[in-house]
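Heads up, the thing below is written out as structure tokens.
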Amino acid sequence: MNSGESQNIFKPPFFYGNNYSHWKAKMTIFIQSLYYNLWDLIVDGPDLLTTTNESGEKIPKPRTRYNDEDMKRVQMNAKAKHIIICAINLSHPVFPQHRQHIKW
């Protein structure tokens, strides 16, 4: 994007593989404008839903047991991932060596 163009307020800023700190600042503002606490989810990581089994071990909570609050948390995580994927071009030459390290 050249400096004379404005940014679409409905799309995340695109990362072209350089000037990461500037892109991160713009992404932070963009994501917080959608839902302020969404940036905390990205920085801190998702709070995975768990339950305790009969042996007292924490295990992933089955989707069939999600309540409304659980669904909100899962939806927020999906929204965060979607925004980031939309902002990064993984076919850009700078990214192929890092693709195997990207985990969701």
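With the numbering used here applied, the sequence shown covers 55 to 158. Even for Gly, the Cβ is constructed at its ideal location relative to N, Cα and C.
- Here the segment 128-141 makes contact with the segment 73-91; the two share three or more CB pairs at distances below 8 angstroms.
- Under the criterion of beta carbons closer than 8 angstroms, I85 and I137 qualify as touching, at roughly 6 angstroms.
- Every unbroken stretch of the beta strand (DSSP E) spanning 3 or more residues and falling wholly within the segment 98-122 is given here in chain order: 104-106, 112-114.
- Spatial neighbours of D124 in its own chain (CB-CB distance under 8 angstroms, excluding positions within 5 residues in sequence) are listed in chain order as L103, K115.
- Per DSSP, the continuous alpha helix (DSSP H) segment holding Y74 begins and ends at 74-88.
- Within its own chain, the residues whose Cβ lies closer than 7 angstroms to the Cβ of K80, once the five positions on either side in sequence are excluded, are P67, listed in chain order.
- With a threshold of 16 other beta carbon atoms within 10 Å, F69 meets it and is buried.
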